[in-house]
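Let me begin by presenting the structure, written as structure tokens, before commenting on it.
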Amino acid sequence: MSNERIAQLRRVSFCTHLPDHAVQALAMIAQPRSYPAGAVIVLAGEPPQAMYTIVAGRVKLTRIAPNGREQIVNVMGAGQHCNAVPIFDEGACPVNVEAITDVDLLVLPIDQMRRLVAEHPPLALALLREFAGRLRHMVNLIDNIALHSVQGRLAQLLLNRATASEQGVLMAPLTQAEMAAMIGTVREMVSRTLHQFEGQGLIRIERGAIAICDREGLAACAEA
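Note that full-length UniProt numbering numbers the sequence shown so that position 198 is 198, with each residue one more than the last.
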């Protein structure tokens, strides 16, 4: 168990406020592993092998419809984690996990995680808080797809992923295909809508990012 491993775990969302003994126990079972961009880390429906925390890089969580259409459930980066649900329900992996970029992970074997959750109640509570947040995210996703137009859903996605910067408010990097899958539409519609937003002065499309020029105007579109 190294200090570096403990520091990596401390940066994971559910570990931030865990007592030292719980983080040390996690560090004892954590196994570093790297995957190249495009690698499939987890297949939905397969027996779970591990929970994964992300040290560096980005992954996408997806479901694939019978017609082959991909629905991105979430995109995750450093400090986040995936495939924790089977720790509690002992079911199959609920989503596919695929590397968007090269990723470095800490692998937490599922059987040992179940043991640690039983031995360390603060760990169980921390994971349950994470589940509650993700449930809210899923409710919002369903609400957006069912009740809002493509323009409204895309505007809300841009606002949700915006971060402050010296140049204005920039959206964290996503491809148009990823944005389309996240809001339940096709890439061509995303491209068309982004250019509409730019023509209205709501955003500015830059190399590798999108600058939000009119947050209030974009928020009004999000209600459509």
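Just so you know, even glycine gets a beta-carbon here, dropped at the ideal spot from N, CA and C.
Annotated three-state conformation of Gln71 is strand, per DSSP. In this structure, DSSP gives Ala180 a helical state, which the three-state scheme calls helix.
Setting aside the 5 residues that flank it on each side, Ile110 is surrounded in the same chain by Pro48, Gln49, Ala50, Met51, Pro86, Ile87, each with a C-beta closer than 7 Å to its C-beta; the list follows chain order. In the DSSP assignment, Leu106 forms a beta bridge with Pro32, Thr53.
When the Cα atoms are used, Asn3 and Arg11 turn out to be separated by approximately 13 Å.
If you draw a straight line from the Cα of Leu135 to the Cα of Glu206, it comes to about 33 Å. Excluding sequence positions up to five before and after Val40, its CB lies within less than 7 Å of the CB of Asn96, Glu98, all in the same chain and listed in chain order. Between Leu154 and Thr193, the gap from beta carbon to beta carbon is short of 8 Å.
Val55 counts as buried, since at least 16 other C-beta atoms from the protein chains shown sit within 10 angstroms of its C-beta.
For Ile203, the uninterrupted beta strand (DSSP E) segment begins and ends at 203-206. Here Ile142 is exposed, its C-beta having fewer than 16 other C-beta atoms within 10 Å. Secondary-structure assignment with DSSP links Asn96 through a beta bridge to Thr62. Assignment of beta-bridge partners to Met189 by DSSP yields no partner.
The alpha-carbon separation between Val75 and Ala211 amounts to approximately 20 Å. Ala211 carries a strand assignment under DSSP once its states are collapsed to helix, strand and coil. By a beta-carbon distance limit of 8 Å, Arg5 contacts Ala27. Their separation comes to about 5 Å. Note that the segment 111-123 does not touch the segment 59-69; fewer than 3 beta-carbon pairs, one per stretch, sit closer than 8 Å. Between Ile183 and Val150, the CB-CB gap stays under 8 Å.
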